[in-house]
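Reading through the structure tokens given below for one structure.
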Amino acid sequence: MRSMLVVDNLRDPAFKASGKLPSRGAAGHTPQYLLEEYGYQVTLLDRDEQTAKYIDGADAVILHVPLNEVKTWGTKLLKRKRVPIMWWCSSTTASLSAAFCEDDAPVDGILTPSMSAQELHWALQFGSKQCMERQQWYNERKQLESRLEERKWIDMAKGILCKIKNISEAEAYEFLRKQAMNERKRMVDVATSIVKVYQILQDQK
1 MRSMLVVDNL RDPAFKASGK LPSRGAAGHT PQYLLEEYGY QVTLLDRDEQ
51 TAKYIDGADA VILHVPLNEV KTWGTKLLKR KRVPIMWWCS STTASLSAAF
101 CEDDAPVDGI LTPSMSAQEL HWALQFGSKQ CMERQQWYNE RKQLESRLEE
151 RKWIDMAKGI LCKIKNISEA EAYEFLRKQA MNERKRMVDV ATSIVKVYQI
201 LQDQK
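And the structure:
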């Protein structure tokens, strides 16, 4: 993990205009300065228009923004690529974020200007692990939501079949299962078709 994409919209306007990194004396331990000093390759951006251009080459994203902006940036970045997102907690971001400490911010870890190279390295490693766990949780949640959605369509179709065919739920389920096998479709697809056709017929009455 060597290539860092740093989102920093808190830089001094003079440095923004010049495009140069400030010296340690001039601006303290800014994320871009410290990361480069520790041997990381840094790409700096402060506008979301640049995201698509640089996100693919990044191993991690460092957000030097107030906490209330983290979710917006995180959402934009994660649409492009799933990478560890770290929040740079400087004195500036901390003071600007006091009112937002309860917000749900999609970050995998926190970095601070006082970290040594080794501390920063391990924070990034743990952040990468947290990112993978978050992705696994996200995938499991999507699968669960998908199964619940399928169950909803199947239950609706069973209810319709019970009503129009005057059969039990078990018989309706068996009907759906056999129909799916005959048509070489998933049960949920057969169930969805039945529900939609029934709804169309009901609307036409």
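Numbering of the sequence shown is given in UniProt numbering, commencing with residue 1 and proceeding in unit increments.
Note that beta-carbon positions come from the ideal geometry of N, C-alpha and C, so glycine has one too.
Just so it is clear, the structure is predicted and the values come from calculations on it, not from any experiment.
Query, Result
"Stretch pair the region 189 to 198 + the region 144 to 163: three plus CB contacts closer than 8 Å", "yes"
"Contacts around residue 24, its chain only, beta-carbon distance under 7 Å, and the 5 residues preceding and following it disregarded", "Only weak support is given to the placement of residue 24: the predicted model assigns it a pLDDT of 43, under 50, and the value that follows is read from those uncertain coordinates. Here the set comprises 33."
"Pair within 9 Å by beta-carbon distance, residue 112 and residue 10", "no"
"Burial state of residue 158 (16 or more Cβ within 10 Å)", "buried"
"Cβ-based burial, residue 191 [other Cβ within 10 Å; buried from 16]", "buried"
"Rounded distance between the beta-carbons of residue 77 and residue 65, thought under 8 Å", "Not really, about 12 Å apart at Cβ, beyond 8 Å."
"Sequence-distant residues of the same chain with beta carbon closer than 6 Å to residue 123, five excluded per side", "109, 111"
"Cβ neighbour criterion (16 or more within 10 Å) applied to residue 19", "Caution is warranted here: a pLDDT of 46 is assigned to residue 19, below 50, making its placement in the model unreliable, and the coordinate value is therefore given only provisionally. Classification of residue 19: exposed, given that the 10 Å Cβ count is below 16."
"Bridge-paired residues (DSSP) for residue 41", "3"
"Euclidean distance between Cα positions of residue 178 and residue 164", "18 Å"
"Sequence-distant residues of the same chain with beta carbon closer than 8 Å to residue 29, five excluded per side", "90, 113, 114"
"Helix, strand or coil at residue 167 [DSSP, three-state]", "coil"
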